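>
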Amino acid sequence: MPEKTYLQAISDGLRQEMRRDERVFVIGEDVGVYGGAFKVTVGLLDEFGPWRVIDAPLSEIAIVGSATGSALMGLRPVAEMQFSDFVSCAWDQVVTVAAKQHYRANTPVPMVLRLPSGGGFSGGPFHSQSPESSFTHVPGLKIVCPATPQDAKGLLATAIEDPNPVLYFEHKHLYRRIKAEVPDERYTIPFGKARIHRAGDEITLVTWGAMVHTAAEAVDELEGEGTTVEIIDLRTLQPWDKPAVLESVAKTGKLLILHEDTRTSGFGAEIAAQVAEEAFELLDAPIRRVAAPDTPIPFSPVLEKAFIPQVEDVAVALRELAAY
Amino acid sequence: MATRTQIEVVMPQMGVSVSEGTIVKWLKSEGEAVQADEPLLEISTDKVDTEVPCPANGVLGSIVQLEGVTVAVGTTIALITTGDEAPAESAPEPEPEPESAPIGASRPAAPEPAPAPPVEPATRTFVSPVVARIAAEHSVDLERVTGTGHGGRVTKKDILAHIAAAEGPALVSSQPLPAPVTSSAPENGDRLEPMSQMRRSIAEHMRRSLDTSAHATTVFEVDMSSVVAIRSGLKPEFLERHGVRLTYLAFVARATVEALRNWPWLNAEIRGDEIVTHSYINLCIAVALEGGKGLIVPAIRGAEGLNLLGMARAIQDVGDRARSKQLTPEDMQGGTFTITNPGGHGSVVGTPIINQPQVAILDTEALVKRPVVITDEKGVDAISVRPIMNLCLSFDHRLIDGAYAVQFMAEVRSSLESWGEERY
Numbered sequence: 001m002p003e004k005t006y007l008q009a010i011s012d013g014l015r016q017e018m019r020r021d022e023r024v025f026v027i028g029e030d031v032g033v034y035g036g037a038f039k040v041t042v043g044l045l046d047e048f049g050p051w052r053v054i055d056a057p058l059s060e061i062a063i064v065g066s067a068t069g070s071a072l073m074g075l076r077p078v079a080e081m082q083f084s085d086f087v088s089c090a091w092d093q094v095v096t097v098a099a100k101q102h103y104r105a106n107t108p109v110p111m112v113l114r115l116p117s118g119g120g121f122s123g124g125p126f127h128s129q130s131p132e133s134s135f136t137h138v139p140g141l142k143i144v145c146p147a148t149p150q151d152a153k154g155l156l157a158t159a160i161e162d163p164n165p166v167l168y169f170e171h172k173h174l175y176r177r178i179k180a181e182v183p184d185e186r187y188t189i190p191f192g193k194a195r196i197h198r199a200g201d202e203i204t205l206v207t208w209g210a211m212v213h214t215a216a217e218a219v220d221e222l223e224g225e226g227t228t229v230e231i232i233d234l235r236t237l238q239p240w241d242k243p244a245v246l247e248s249v250a251k252t253g254k255l256l257i258l259h260e261d262t263r264t265s266g267f268g269a270e271i272a273a274q275v276a277e278e279a280f281e282l283l284d285a286p287i288r289r290v291a292a293p294d295t296p297i298p299f300s301p302v303l304e305k306a307f308i309p310q311v312e313d314v315a316v317a318l319r320e321l322a323a324y
Numbered sequence: 325m326a327t328r329t330q331i332e333v334v335m336p337q338m339g340v341s342v343s344e345g346t347i348v349k350w351l352k353s354e355g356e357a358v359q360a361d362e363p364l365l366e367i368s369t370d371k372v373d374t375e376v377p378c379p380a381n382g383v384l385g386s387i388v389q390l391e392g393v394t395v396a397v398g399t400t401i402a403l404i405t406t407g408d409e410a411p412a413e414s415a416p417e418p419e420p421e422p423e424s425a426p427i428g429a430s431r432p433a434a435p436e437p438a439p440a441p442p443v444e445p446a447t448r449t450f451v452s453p454v455v456a457r458i459a460a461e462h463s464v465d466l467e468r469v470t471g472t473g474h475g476g477r478v479t480k481k482d483i484l485a486h487i488a489a490a491e492g493p494a495l496v497s498s499q500p501l502p503a504p505v506t507s508s509a510p511e512n513g514d515r516l517e518p519m520s521q522m523r524r525s526i527a528e529h530m531r532r533s534l535d536t537s538a539h540a541t542t543v544f545e546v547d548m549s550s551v552v553a554i555r556s557g558l559k560p561e562f563l564e565r566h567g568v569r570l571t572y573l574a575f576v577a578r579a580t581v582e583a584l585r586n587w588p589w590l591n592a593e594i595r596g597d598e599i600v601t602h603s604y605i606n607l608c609i610a611v612a613l614e615g616g617k618g619l620i621v622p623a624i625r626g627a628e629g630l631n632l633l634g635m636a637r638a639i640q641d642v643g644d645r646a647r648s649k650q651l652t653p654e655d656m657q658g659g660t661f662t663i664t665n666p667g668g669h670g671s672v673v674g675t676p677i678i679n680q681p682q683v684a685i686l687d688t689e690a691l692v693k694r695p696v697v698i699t700d701e702k703g704v705d706a707i708s709v710r711p712i713m714n715l716c717l718s719f720d721h722r723l724i725d726g727a728y729a730v731q732f733m734a735e736v737r738s739s740l741e742s743w744g745e746e747r748y
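Here the protein sequences line up with chains F and R, keeping their order.
Under my numbering, think of the first position of the first sequence as 1, with each following residue one higher.
Under my numbering, think of the first position of the second sequence as 325, with each following residue one higher.
1. With 8 Å as the threshold, decide whether the Cβ of Ser353 of chain R is near any Cβ in chain F.
2. Are there 16 or more other CB atoms within 10 angstroms of the CB of Val443 of chain R, so buried, or fewer, so exposed?
3. Cutting at 7 Å between CB atoms, please list the residues of its own chain near Ala434 of chain R, excluding the five before and the five after it.
4. Is the separation between the beta-carbon of Gly382 of chain R and that of Ile404 of chain R shorter than 8 Å?
5. Could you tell me the boundaries of the beta strand (DSSP E) in which Ser265 of chain F lies?
6. Roughly how far, in whole angstroms, is the beta-carbon of Gly140 of chain F from the beta-carbon of Ala99 of chain F, given that I think they are within contact range, below 8 Å?
7. I need the DSSP call for Met733 of chain R, collapsed to helix, strand or coil.
8. Mind checking whether Leu558 of chain R and Ile677 of chain R have CB atoms under 8 Å apart?
9. Residues bridged to Gly596 of chain R by DSSP?
10. Less than 8 Å separating the beta-carbons of Ala67 of chain F and Pro77 of chain F?
11. Rounded to whole angstroms, what is the Cα-Cα separation between Gly118 of chain F and Ser603 of chain R?
12. Determine whether the Cβ of Leu282 of chain F lies closer than 8 Å to any Cβ atom of chain R.
13. Under 8 Å between the Cβ atoms of Thr675 of chain R and Leu715 of chain R?
14. Roughly how many angstroms separate the alpha carbons of Ala729 of chain R and Ala612 of chain R, rounded to a whole number?
15. Mind checking the stretch 343-374 of chain R against chain F and listing, in chain order, the residues whose C-beta falls within less than 7 Å of any C-beta there?
16. Look at the Cβ atom of Pro666 of chain R, then the Cβ atom of Val642 of chain R, and state whether they are nearer than 8 Å.
17. Less than 8 Å separating the beta-carbons of Leu334 of chain F and Met18 of chain F?
18. Identify the contact partners of Arg595 of chain R in chain F, using a Cβ-Cβ distance below 8 Å as the criterion.
19. Note down the Cα distance separating Ala727 of chain R from Phe25 of chain F, rounded to an integer number of angstroms.
20. Report the CB separation of Leu282 of chain F from Val454 of chain R in whole angstroms; it is logged as a contact under 8 Å.
21. Who are the neighbours of His474 of chain R on chain F, taking C-beta pairs under 8 Å?
22. Between which residues of its own chain and Ala396 of chain R is the CB-CB distance below 8 Å, once the five residues before and five after are set aside?
23. Would you say the stretch 156-174 of chain F touches the stretch 205-213 of chain F, given that touching needs at least three Cβ pairs under 8 Å?
24. Apply the 10 Å Cβ neighbour rule to Pro183 of chain F and answer buried if 16 or more other Cβ atoms are within range, or exposed otherwise.
25. How is the beta strand (DSSP E) around Arg694 of chain R delimited, first residue to last?
26. Is the CB of Ser386 of chain R under 8 Å away from at least one CB in chain F?
27. Could you tell me the alpha carbon to alpha carbon distance between Arg722 of chain R and Leu590 of chain R, rounded to whole angstroms?
28. Nearest-angstrom Cα distance between Val552 of chain R and Ile712 of chain R?
29. Assign Gly670 of chain R to one of three DSSP states: helix, strand, or coil.
30. For Pro653 of chain R and Leu607 of chain R, what's the separation of their Cα atoms in angstroms?
31. Would DSSP call Asn714 of chain R helix, strand or coil?
32. Here's the rule I'm using: 16 or more other beta-carbon atoms within 10 Å means buried, otherwise exposed. How should Ala315 of chain F be labelled?
33. Chain R beta carbons: is any one of them nearer than 8 Å to that of Gly35 of chain F?
34. Flag this pair as touching only if the stretch 217-231 of chain F and the stretch 152-164 of chain F have three or more C-beta atom pairs under 8 Å; answer yes or no.
35. Using 10 angstroms around the beta-carbon of Ser739 of chain R, count the other beta-carbons present and answer buried if the total reaches 16, otherwise exposed.
36. When the Cα of His213 of chain F is compared with those of F:Leu234, F:Glu202, F:Lys193, which residue comes out closest?
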């Protein structure tokens with residue numbers, strides 16, 4: 001099986017879907033001639049032509065609006081925001097139009113928004129956010145956050161097949177940093193099915209996206225201390241695999257939730273609340289969260305490091321939970 | 325009313341992965357005056373042995389943990405009494421509650437406690453939901469369960485272990501370190517002694533390594549003629565100009581590091597279902613302590629960037645510091661490949677155990693003169709006496725196939741056999 005970076009997996013997966021289904025097209029700023037801000041769509045214009053690879057004007061609301069309209073008319077748009085931060089410009093189209101359409105008129109909106117998210121490269125407050133939690137609060141949307149190249153490709157195929165608007169958060173920090181074997185053939189990965197990244201039986205660590213790798217490094221640090229940690233990569237937040245989390249907590253009795261987004265009203269709060277509601281009698285320690293502080297993301301590399309949860313932060317929280 | 329403060333002395337954290345330490349010796353006794361920063365006690369952990377400085381001026385009020393006891397990091401081991409009324413003979417006070425008044429708060433002058441035997445403080449610790457449920461289901465009296473959690477809390481693990489013990493052998497999750505068991509008296513003049521922290525750590529690590537990796541060992545004979553010649557030429561210069569002893573080990577380490585670049589899976593580890601291949605080489609060198617007191621395996625960081633002189637110097641440095649107990653926790657972390665060197669005592673073949681989470685360990689054996697058949701450039705065979713060293717590689721067959729391992733070894737061998745004068 002060939003090794004691919006996270007970015008190549010997304011790129012190849014997208015090309016495969018476009019070859020397979022001619023209703024699939026891409027639209028976004030600089031996705032055609034330039035090949036996308038992060039070069040995910042390189043080569044697509046040459047292969048599929050300007051009708052299926054559309055360089056849009058600099059207007060997120062126009063991009064999502066036209067994607068929503070074409071989805072209503074039976075196409076399968078994959079729209080790119082250059083940075084997930086800018087999807088806020090299209091909030092109305094995403095939240096008010098696309099998310100509500102099926103409920104109001106019984107017409108599906110099979111649209112995918114590709115949203116490069118996350119920090120770690122001194123991009124500052126407008127280019128580093130992880131806004132997935134905001135959209136989990138909107139009924140009618142599906143939220144996908146792959147952490148590995150295999151998942152990136154399989155979840156993209158599922159997103160394009162899905163009849164609902166899907167927000168596909170691809171983590172910029174992982175683009176060229178992680179590499180793994182990815183099957184050449186087409187495959188899909190179901191939404192709402194978590195992946196056990198590491199098995200263990202003393203603490204359950206629930207996370208997604210780039211933090212899966214931070215979690216794994218923290219658990220490596222604990223090697224030899226006699227604490228085994230189960231890392232659950234949720235893969236999708238809406239829907240999220242509550243049964244997998246509850247099953248793990250039933251075994252461990254201790255839960256740590258880790259996310260890169262800010263703490264207050266982050267999706268970790270939702271997970272914590274549901275576990276407390278449904279599994280109170282399984283808990284052997286207070287549920288813990290490790291998340292970014294409630295501030296904008298700083299430019300300064302030093303401050304950014306203090307902002308984004310680091311391996312050591314996770315290791316400290318795990319040790320405290322282990323000792324509780 | 326006298327103001328008095330009790331300061332807790334806790335077992336310090338000596339490195340990120342160290343979870344416990346053993347009290348070797350108290351350097352002060354109860355009631356003795358102590359100064360901030362003067363050595364208070366000696367401790368031993370699986371990474372380093374060191375002295376612990378006193379945190380404040382005052383009087384060593386009470387020693388909570390005695391010599392020879394192993395406790396978790398953060399455990400209170402002594403109380404220092406400071407303030408204007410440092411009592412000459414204070415009865416050991418019950419440990420303050422974790423969330424009690426902040427340090428420095430004045431305490432109300434309690435009536436003098438009657439000199440009664442110290443009673444277990446009847447504190448109720450928190451019972452978590454899951455422990456409450458298990459206790460109810462199994463009718464367990466929590467007062468009778470030993471708590472190992474925060475503030476003596478009974479954890480889920482504690483109560484499950486308690487139930488398992490009561491019901492006989494059952495599914496208790498395996499602990500990495502078995503709890504010290506009270507042993508029976510030795511017989512016939514046998515000697516009984518507690519395991520040192522280091523010995524326990526080695527015992528656990530060796531067993532875990534065999535349980536983890538699929539060990540396989542391959543042995544290569546290496547003709548060290550070139551290395552012997554080069555070494556005897558360079559040795560005086562290294563010693564005089566740089567103060568560095570040039571050993572055969574340095575040559576083997578150099579050749580190993582170069583070959584590892586071409587065989588990266590030997591400089592890797594298995595994490596779950598994934599293979600992590602390191603971009604750097606932190607070369608561990610096993611150093612035996614005298615008198616069978618144990619084995620320390622410090623890492624030479626960034627070994628891929630060292631020439632022969634740098635390698636020889638680094639090996640000498642970690643060896644010296646290991647024997648003089650000057651290693652820091654950082655020296656003990658992050659190794660990616662290990663070389664062990666038992667050949668000094670004449671051993672010719674070994675099957676070393678892999679240093680987890682690494683996947684291979686190279687063993688350098690004694691340099692022995694042997695008659696060997698060599699073939700000259702005309703194709704004529706002759707018997708010649710050559711200095712031969714056996715190199716034994718144990719590798720984790722889960723990750724490394726035999727063919728991969730032996731090709732790596734063949735490269736190490738040819739690198740050593742063809743060592744030229746121009747090469748550093």
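Cβ coordinates follow ideal geometry from the N, Cα and C atoms, glycine included.
Quantities reported herein were computed from a predicted structural model and do not represent experimental measurements.
Reading it off the structure:
1. no
2. Unreliable placement is indicated for Val443 of chain R, whose pLDDT of 43 sits below 50; the coordinate value is still reported in the next sentence. Classification of Val443 of chain R: exposed, given that the 10 Å Cβ count is below 16.
3. The predicted position of Ala434 of chain R is uncertain, since its pLDDT is 44 and thus under 50; no value can be drawn from it.
4. yes
5. Under the DSSP assignment, Ser265 of chain F falls outside any beta strand (DSSP E); it carries neither an H nor an E label.
6. 3 Å
7. helix
8. no
9. DSSP output for Gly596 of chain R lists no bridge partner at all.
10. Going by beta carbons, Ala67 of chain F and Pro77 of chain F fall inside the 8 Å limit.
11. 25 Å
12. yes
13. no
14. 26 Å
15. Ser343
16. no
17. Only positions 1 to 324 of chain F appear in this structure, which leaves residue 334 of chain F out of reach.
18. Arg198, Ala216, Asp220
19. Approximately 48 Å, taken between the alpha carbons.
20. 5 Å
21. Ala323, Tyr324
22. Excluding sequence neighbours, Ala396 of chain R sits near Met335, Ser343, Glu344.
23. yes
24. With fewer than 16 other Cβ atoms within 10 Å, it is exposed.
25. 684-699
26. With a threshold of 8 Å between beta carbons, Ser386 of chain R makes no contact with chain F.
27. 12 Å
28. 10 Å
29. coil
30. 16 Å
31. strand
32. buried
33. no
34. no
35. buried
36. F:Leu234
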